[in-house]
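Chemist:
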Amino acid sequence: MVYALKDDEIIMEVMDTAPSNWNTILSTQLYPDLVSFQSAIRYHEDALLEAGGEKKNFNRYDQRESWTRSKPTTFARAHLVGSSTDLPPPKFPKDDANISKRATPKDKGARGCRHCGSLNHWDKECKYAFKGTRSARTRLAEASIDLLEAEDEYEDLYY
Numbered sequence: 001m002v003y004a005l006k007d008d009e010i011i012m013e014v015m016d017t018a019p020s021n022w023n024t025i026l027s028t029q030l031y032p033d034l035v036s037f038q039s040a041i042r043y044h045e046d047a048l049l050e051a052g053g054e055k056k057n058f059n060r061y062d063q064r065e066s067w068t069r070s071k072p073t074t075f076a077r078a079h080l081v082g083s084s085t086d087l088p089p090p091k092f093p094k095d096d097a098n099i100s101k102r103a104t105p106k107d108k109g110a111r112g113c114r115h116c117g118s119l120n121h122w123d124k125e126c127k128y129a130f131k132g133t134r135s136a137r138t139r140l141a142e143a144s145i146d147l148l149e150a151e152d153e154y155e156d157l158y159y
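For the sequence shown, counting from 1, position 63 maps to 63 in UniProt numbering; every step adds exactly one.
(1) What did DSSP end up calling Tyr158 once you bin it into helix, strand or coil?
(2) Assign Arg130 to one of two classes, buried (16 or more other C-beta atoms within 10 Å of its C-beta) or exposed (fewer than that).
(3) Relative to the C-alpha of Gly117, which residue among Arg102, Leu87, Asp156 and Val14 is closest?
(4) Got a sec? Which residues, its chain only, sit under 7 Å from Asp96 by beta carbon, not counting five neighbours each side?
(5) What is the DSSP secondary structure of Arg102, counted as helix, strand or coil?
(6) Are the CB atoms of Asp123 and Arg114 nearer to each other than 7 Å?
(7) Determine, using beta carbons only, whether Leu26 and Ala47 come nearer to each other than 7 Å.
(8) CB-CB under 8 Å to Pro23, same chain, minus the five flanking residues each way: which ones, in chain order?
(9) Compute the distance between the beta-carbons of Phe37 and Tyr43, then report whether it is under 7 Å.
(10) Return the chain-ordered list of same chain residues with a C-beta closer than 7 Å to the C-beta of Gly112, the five sequence neighbours on each side being excluded.
(11) Mapping DSSP to helix, strand and coil, what is Trp122?
(12) DSSP three-state call for Tyr3: helix, strand or coil?
(13) Hey, how far is the Cα of Ile10 from the Cα of Glu45?
Printed below as a string of structure tokens:
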């Protein structure tokens, strides 16, 4: 379908869809007809391109695509899991028969179960997890920062 628009309507349509910074360079009152407006656009072309900034019709697909191109695909992360030497020895015998359905601490490079020392399951999956535990666990004031960070990293790997 073809529309019969007047010159001033075309100028306003162009300026409405153009970046907002163009209004500082092109003033619509200065151009009585479409030919003079086109000439002004050609004359100020470099300034308009610099002032244009982002595209006005920037959809989410373009945004996601540009974000994935600029973002590195791999991240380096150093884990403190099992790095503390202050961990007490396990209180129960090693139970290698209990194997985690998810990735095991051995697969992730984490320390063994704190209850039995097995590398095949996590602390919370151990059959000895609730034996000999106290009803309230607190972080002691004399616990080292390294020990607490290692414990937090271990918990992050499990979840």
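Glycine included, every Cβ here is placed at the ideal spot set by N, Cα and C.
Modeler: To lay it out plainly:
(1) Here residue 158 refers to the residue found at position 158 of the sequence shown. If DSSP states are grouped into helix, strand and coil, Tyr158 belongs with the helices.
(2) What you label residue 130 is simply residue 130 of the sequence shown in a count that begins at 1. The sequence given here has Phe at residue 130, not Arg. Exposed, by the Cβ-count rule.
(3) Numbered from 1 along the sequence shown, position 117 holds the residue referred to as residue 117. That would be Leu87, whose Cα lies nearest to the Cα of Gly117.
(4) Numbered from 1 along the sequence shown, position 96 holds the residue referred to as residue 96. Within the same chain, Ser118 and Asn120 come within 7 Å of Asp96 by CB-CB distance, once the 5 residues on both sides are set aside.
(5) Here residue 102 is taken as the residue at index 102 of the sequence shown, counted from 1. If DSSP states are grouped into helix, strand and coil, Arg102 belongs with coil.
(6) Walking along the sequence shown from the start, residue 123 turns up at place 123. Walking along the sequence shown from the start, residue 114 turns up at place 114. Yes. Within cutoff.
(7) Numbered from its first residue, the sequence shown carries residue 26 at position 26. Numbered from its first residue, the sequence shown carries residue 47 at position 47. Annotated as distal: Leu26 and Ala47, with beta-carbon spacing of 7 Å or more.
(8) Here the question's residue 23 lines up with position 23 in the sequence shown. In the sequence under discussion, the amino acid at residue 23 is Asn, which differs from the Pro named in the question. Here the set comprises Met15.
(9) Numbered from 1 along the sequence shown, position 37 holds the residue referred to as residue 37. Numbered from 1 along the sequence shown, position 43 holds the residue referred to as residue 43. No, these two residues do not count as a Cβ contact at 7 Å.
(10) Position 112 of the sequence shown, counted from the start, is the residue given in the question as residue 112. Excluding sequence neighbours, Gly112 sits near Pro105, Ser118 and Leu119.
(11) Numbered from its first residue, the sequence shown carries residue 122 at position 122. Coil at Trp122, not helix or strand.
(12) The residue given as residue 3 occupies position 3 in the sequence shown. Coil, per DSSP.
(13) Along the sequence shown, read from residue 1 onward, the residue named residue 10 stands at position 10. Along the sequence shown, read from residue 1 onward, the residue named residue 45 stands at position 45. Distance between the alpha carbons of Ile10 and Glu45 is about 18 Å.
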